Amino acid sequence: MADIYLNQDQIKEIWKQFMAGETLEFSDLSKDILDSWKRSKENQVSYEPTQAPIIFQGEMLTRHKNTTEELIMISLPIMENIFRFMADAGFVIVLSDREGCLLEVIGSDEAKEKGRLGNFIPGSQWDEKTVGTNSIGTALFLDQPIQIQGREHYCRMFHPWCCSTAPIHDPEGKIHGTLTIAGPLDKVHPHTLGMVVTAVRAIETQLELRKALHSLEHASNYKNAVMESISEGILAVDSQANVTHINSIMARYLGVDPNETGQKFFELLSPENKDVYDIVQNNHIVTDYEIGIYTSNGLNTYLLTTRPIHGDEISEGMVLLIHEIKRAQRLAQRMSGSEGRLTFANLIGKDPKFLKTIDLARQAAGSSSTVLLLGESGTGKEVFAQSIHNAGIRKRAPFVAINCGAIPRELMASELFGYDDGAFTGAKRGGKIGKFELAQGGTVFLDEIGEMPLDLQTTLLRVLESKTITRVGGNKEIPVDFRIIAATNKDLNAEISQGRFRQDLFYRLNVFLIKIPPLRERKDDIPLLAAHLIENLCVNLKKEAIVKVDKKVWEAFNSYDWPGNVRELQNMLERVVNVCNDVILTMEHLPQEFIHSNESPSFDLPVKEYEKELIQNLLEIHNRNITRVARELGIARTTLYSKIDKYDL
Numbered sequence: 001m002a003d004i005y006l007n008q009d010q011i012k013e014i015w016k017q018f019m020a021g022e023t024l025e026f027s028d029l030s031k032d033i034l035d036s037w038k039r040s041k042e043n044q045v046s047y048e049p050t051q052a053p054i055i056f057q058g059e060m061l062t063r064h065k066n067t068t069e070e071l072i073m074i075s076l077p078i079m080e081n082i083f084r085f086m087a088d089a090g091f092v093i094v095l096s097d098r099e100g101c102l103l104e105v106i107g108s109d110e111a112k113e114k115g116r117l118g119n120f121i122p123g124s125q126w127d128e129k130t131v132g133t134n135s136i137g138t139a140l141f142l143d144q145p146i147q148i149q150g151r152e153h154y155c156r157m158f159h160p161w162c163c164s165t166a167p168i169h170d171p172e173g174k175i176h177g178t179l180t181i182a183g184p185l186d187k188v189h190p191h192t193l194g195m196v197v198t199a200v201r202a203i204e205t206q207l208e209l210r211k212a213l214h215s216l217e218h219a220s221n222y223k224n225a226v227m228e229s230i231s232e233g234i235l236a237v238d239s240q241a242n243v244t245h246i247n248s249i250m251a252r253y254l255g256v257d258p259n260e261t262g263q264k265f266f267e268l269l270s271p272e273n274k275d276v277y278d279i280v281q282n283n284h285i286v287t288d289y290e291i292g293i294y295t296s297n298g299l300n301t302y303l304l305t306t307r308p309i310h311g312d313e314i315s316e317g318m319v320l321l322i323h324e325i326k327r328a329q330r331l332a333q334r335m336s337g338s339e340g341r342l343t344f345a346n347l348i349g350k351d352p353k354f355l356k357t358i359d360l361a362r363q364a365a366g367s368s369s370t371v372l373l374l375g376e377s378g379t380g381k382e383v384f385a386q387s388i389h390n391a392g393i394r395k396r397a398p399f400v401a402i403n404c405g406a407i408p409r410e411l412m413a414s415e416l417f418g419y420d421d422g423a424f425t426g427a428k429r430g431g432k433i434g435k436f437e438l439a440q441g442g443t444v445f446l447d448e449i450g451e452m453p454l455d456l457q458t459t460l461l462r463v464l465e466s467k468t469i470t471r472v473g474g475n476k477e478i479p480v481d482f483r484i485i486a487a488t489n490k491d492l493n494a495e496i497s498q499g500r501f502r503q504d505l506f507y508r509l510n511v512f513l514i515k516i517p518p519l520r521e522r523k524d525d526i527p528l529l530a531a532h533l534i535e536n537l538c539v540n541l542k543k544e545a546i547v548k549v550d551k552k553v554w555e556a557f558n559s560y561d562w563p564g565n566v567r568e569l570q571n572m573l574e575r576v577v578n579v580c581n582d583v584i585l586t587m588e589h590l591p592q593e594f595i596h597s598n599e600s601p602s603f604d605l606p607v608k609e610y611e612k613e614l615i616q617n618l619l620e621i622h623n624r625n626i627t628r629v630a631r632e633l634g635i636a637r638t639t640l641y642s643k644i645d646k647y648d649l
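Numbering-wise, my numbering puts 559 at position 559 of the sequence shown, and it's gapless, one number per residue.
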């Protein structure tokens, strides 16, 4: 150790000259030490203090240590291992925070007592600005390991000590604290600093592992929160079909413990579940596949969706998602708009015949019997149907409207009854729920029932009698519960006599017969209806309100027979409101074909002649575009085609 003491003698002279303010060549002093001395002098640190200041003690120290709990927890075992290795050498092992405040000091009683003389104890402050050049403060300033021997310390009281310190970094690379081995100068060893650096690497590795663990725990908690917040049952398996995740809803569906992860999926359920086992074993991808699952509670039917978990170009497992059929039906009802929003308040009129019709409809609402609505196109049959539904006991259940004249004949069966997997070429895998199943518990509105093909009339009659349906391509009878409201603009008795409508189905439907009067039979309601429609149209089309309707317009409205009824009135008024930029509606705003039909000499002819002339005029105006003419008249295309044939147009 003689070389050290010789060197220390040289440093002693340099230290004295520096403190005396002499300018010398410091050839034997490292630049890091010299620069630190200069910083210490600039910070007006005294070189003659007897102790480092205490900044935390008692409860305040405890609270401060709590803020660095993780650093202390990781570092203490490593510090204790170092101490066991050098317990008899008189060294202390010290942990500080990023500001240089000591957190833990481990050493023999004798070594700690020597350190206590200079307040080398938890709660004391050891940054350069406070006690000048020292291994803790200088290592923090330089952000690098350093060993400071004896008289290299700025303050005289630390000259008997040799201290080796390395900064500890958090996983983001920021200084988290320091680790120091300090002891008598005469026991200094060049490998001491290397030991500190190695120990710090171990601490930093533990910090990184802890962060990774926290990230994994956070990801796991996030995943669990997401899985539990989803209203479907979710289960995941790895490539070996081991269950890796399962949420509580799936556990309830399967009748298993939600903690049943780790076991084989094929051991989770009873052997009867061959269908779902086959899907998992062969990695089949399905969407809304109807599947039966056997549990201790019996057989339950669900919709199953599966998706693969992809790794590096290989499958690492599969996610299974199932939900109840009933819930899927409710969702499909909302998505398809299968709900009635209209009520009796939407039926505008004061005509006695019309009010009597409304009273009869209210009576029908209080019954569960089938209803048959008869009325010309555009009289408001669906408004009546929705009103009956919304005033009845099924109002919170679906209202499913089906236009029998708008669905192609070849698709009608699958639309009404749904179909099973593989029922026909192009069928959706897993099958599809039909309209009747979607209406479970609610109301089915069969509009234009007179257009339904005879073979489907037979099937519908069977459904009404058995209260079950069988999907296309299937053989399982599915119980259904819904109320039927049918509507037509045809004379069903005439259809029956011509063999186009089943008489027994007519009797089944004709329990509550409600005839809706055409608009020409309640002309006193036209001003009331028109005013209501104009007000709503101005709001919906964001047009300036029309505050007055010219008397000649009312006369024209009353003299017209409205073959398209309320729908025709509404469509014409929509055209009028779109082009009207005045607050007063006059004859100038009315469509020319409407004015022409009113001024025509044929006005005194029967209603059928009016209808023929109107259709002929509209066909000319729209260049025989059937869709536009039907929309203008407020009738179905099939109805328009039949009228064109009827009038030989």
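Virtual Cβ for every residue (Gly too), placed ideally from N, Cα, C. Quick caveat: nothing in here was measured; it's all calculated off a predicted structure.
Secondary structure note for D359: it is in no beta strand (DSSP E), and the uninterrupted alpha helix (DSSP H) holding it is P352 to A365.
Per the coordinates, the alpha-carbon of Q592 lies some 16 angstroms from the alpha-carbon of W554. Across the structure, N282 and K264 are spaced so that their CA atoms are roughly 15 angstroms apart.
Looking at the DSSP output, V92 sits in a beta bridge with G107 and A182. For E376, no beta strand (DSSP E) segment is defined, and its DSSP state is neither H nor E. A Cβ-Cβ separation of about 7 angstroms places N134 in contact with C163 under the 8 angstroms criterion. Here DSSP, grouped into helix, strand and coil, assigns S368 to coil.
If only uninterrupted beta strand (DSSP E) runs of at least 3 residues are considered, those enclosed by the stretch 418-468 are 443-447.
Here F354 is buried, its C-beta having at least 16 other C-beta atoms within 10 Å.
Residue burial annotation: K646 is exposed, with fewer than 16 other C-beta atoms found within 10 angstroms of its C-beta.
By a beta-carbon distance limit of 8 angstroms, V92 contacts G107. Their separation comes to about 3 angstroms. If you ignore the 5 residues before and after I175, its C-beta comes within less than 8 angstroms of the C-beta of R98, L140, D143, P167, I168 and H169, all in its own chain and listed in chain order. DSSP, read as helix, strand or coil, puts V319 in strand.
In the structure shown, I148 adopts extended strand secondary structure according to DSSP, grouped into three states. Between L456 and L416, the CB-CB gap stays under 9 angstroms. By the criterion of a C-beta distance shorter than 6 angstroms, G137 is surrounded in its chain by G100, W126, D127 and E128, once the five residues flanking it on both sides are discounted. Taken atom to atom, the span from the alpha-carbon of E495 to that of G450 is near 8 angstroms. In this chain, C163 is not harboured by any alpha helix (DSSP H); it is covered by the beta strand (DSSP E) spanning W161 to H169.
Under the DSSP definition of a beta bridge, D97 partners with G177. The three-state reading of DSSP puts I635 in coil, since its state is none of H, G, I, E or B.
Beta-bridge analysis with DSSP links E324 to Y302. Taking the CA atoms as reference points, S46 sits about 11 angstroms from W37. Within the DSSP bridge table, the entry for Q125 names C101 as partners.
For H159, the CB contacts under 7 angstroms within the same chain, skipping 5 residues up- and downstream, are G150, R151 and H153 in chain order. By the neighbour-count definition (other C-beta atoms within 10 Å, threshold 16), M73 is an exposed residue. The shortest C-alpha to C-alpha distance from A385 to any of E376, F344 and T301 is the one to F344. The beta carbon of H64 sits closer than 6 angstroms to the beta carbons of F56 from its chain, once the five residues preceding and following it are set aside; these are given in chain order. Considered as a whole, the stretch 188-234 harbours 191-229 as its complete alpha helix (DSSP H) runs of no fewer than 4 residues, in chain order. Check the Cα spacing between V196 and each of I393, K551 and E80: the tightest is with E80. The three-state secondary structure of F399, taken from DSSP, is strand. Residue range R483 to T488 is occupied by the beta strand (DSSP E) that includes A486, with no alpha helix (DSSP H) assigned at that position. By the 16-neighbour rule on beta-carbons within 10 angstroms, S387 is buried.
Listed in chain order, the non-local C-beta contacts of H284 below 8 angstroms within the same chain comprise D278 and T306, local neighbours out to five positions each way being set aside.
Going by DSSP, Y289 is part of the beta strand (DSSP E) stretching over Y289 to T295.
In summary, P190 is exposed, with fewer than 16 beta-carbon neighbours lying within 10 Å of its beta-carbon over all protein chains present. Following the DSSP letters along the chain, one finds V276 inside the alpha helix (DSSP H) bounded by residues K274 to Q281.
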